[in-house]
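Okay, structure first, notes after.
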Amino acid sequence: MLNQLTVTLIHEDPKFSAQLSALLESHQMPVTTISTIDDLDENNINTSMIIIHETFPRLNLKKLLIANKLHRNALTLVLTNAVSGSYLESLLDSGADDYLTRPYTIEDIYQKLLSVYRNGILKPRNIYRFKDIILDTTTRSAFINDQVLSLTEKEFKLLTVLVKQPYQPHSNTALFEKLWGNAIYEDQTSLIAIMNSLINKLNAAGSYDHYIRKFGEESYMMDVR
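Residue numbering for the sequence shown follows UniProt numbering, starting at 1 and increasing by one per position.
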């Protein structure tokens with residue numbers, strides 16, 4: 001399985017990149033190195049894993065992580081100097097598969113890379129896309145227009161139902177059952193409140209005028225037309 005792993009290394013230190021590349025290639029992992037922002041073409045990364053040094057000059061790290069979700073979904077490992085738990089968590093929220101904090105050696109990076117790769121193979125992520133919306137139901141993370149989208153548990157579940165079947169109407173009763181398990185005690189007021197909150201968040205952050213349309217009197221669907 002490991003002979004299928006190809007790596008893009010984004011690091012500004014050529015000496016470090018050469019050392020790490022030599023180690024990885026000794027394990028039959030082809031490596032593409034990027035040492036300056038001018039060499040980085042985000043639309044032309046086609047490897048199965050990306051290793052990124054957090055302080056790479058002029059790099060918008062979180063934007064790159066989100067763009068990877070939208071276009072490639074390569075596994076990503078971030079090398080960081082940070083120690084803040086909230087910041088490290090934000091890297092995962094932005095789409096990183098894992099991170100490695102200093103101090104670390106190139107052998108540490110190799111072992112972490114193996115861990116990330118095995119987790120990705122054993123627990124493949126379920127990614128759903130609609131226009132500029134990305135949903136990762138494995139990590140329960142959402143992105144829109146290159147931004148992290150903050151959703152409540154019910155909003156995330158509702159958006160997942162709609163994105164999985166875009167342009168298909170879902171009745172209020174069917175949506176209520178998806179969110180609460182059954183419609184015995186169906187409460188339209190609660191559903192509509194969650195729907196309106198979700199619609200407002202999408203419209204405010206996205207690049208389209210609207211994402212969810214009402215269909216008839218009591219149905220909704222994903223539709224930007």
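Glycine included, each C-beta is placed from N, C-alpha and C at the ideal position.
If you draw a straight line from the alpha carbon of residue i to that of residue j, how long is it in whole angstroms?
i, j, result
"Met222", "Leu75", "28 Å"
"Thr97", "Thr55", "One detail in the question is off: residue 97 reads as Asp in this sequence, not Thr. Roughly 18 Å separates the two Cα atoms."
"Tyr104", "Ser48", "23 Å"
"Lys164", "Gly120", "22 Å"
"Leu191", "Asp39", "48 Å"
"Glu153", "Gly181", "14 Å"
"Ala82", "Ala204", "31 Å"
"His71", "Ser115", "23 Å"
"Lys62", "Ser207", "18 Å"
"His11", "Asp136", "27 Å"
"Thr160", "Ile199", "13 Å"
"Leu179", "Gln188", "12 Å"
Can you tell me whether residue i is helix, strand or coil according to DSSP?
i, result
"Arg129", "strand"
"Val116", "helix"
"Val83", "coil"
"Tyr220", "strand"
"Ser26", "helix"
"Ile45", "coil"
"Phe16", "helix"
Starting from the Cα of residue i, find the closest Cα among the options and give me that residue.
i, options, result
"Leu77", "Asn46, Lys201, Leu9 and Pro166", "Leu9"
"Ser150", "Leu91, Lys69 and Leu202", "Leu202"
Might you give, ordered along the chain, the residues of its own chain that have their beta carbon closer than 7 Å to the beta carbon of residue i, omitting 5 neighbours on each side?
i, result
"Phe130", "Val163, Pro166 and Met222"
"Val224", "Lys131, Tyr208, His210 and Tyr211"
Can you tell me the Cβ-Cβ gap for residue i and residue j, rounded? I've got them flagged as a contact below 8 Å.
i, j, result
"Tyr110", "Leu23", "6 Å"
Which same chain residues, not among the five before or five after residue i, have their C-beta less than 6 Å away from its C-beta?
i, result
"Thr80", "Glu54, Tyr99 and Thr101"
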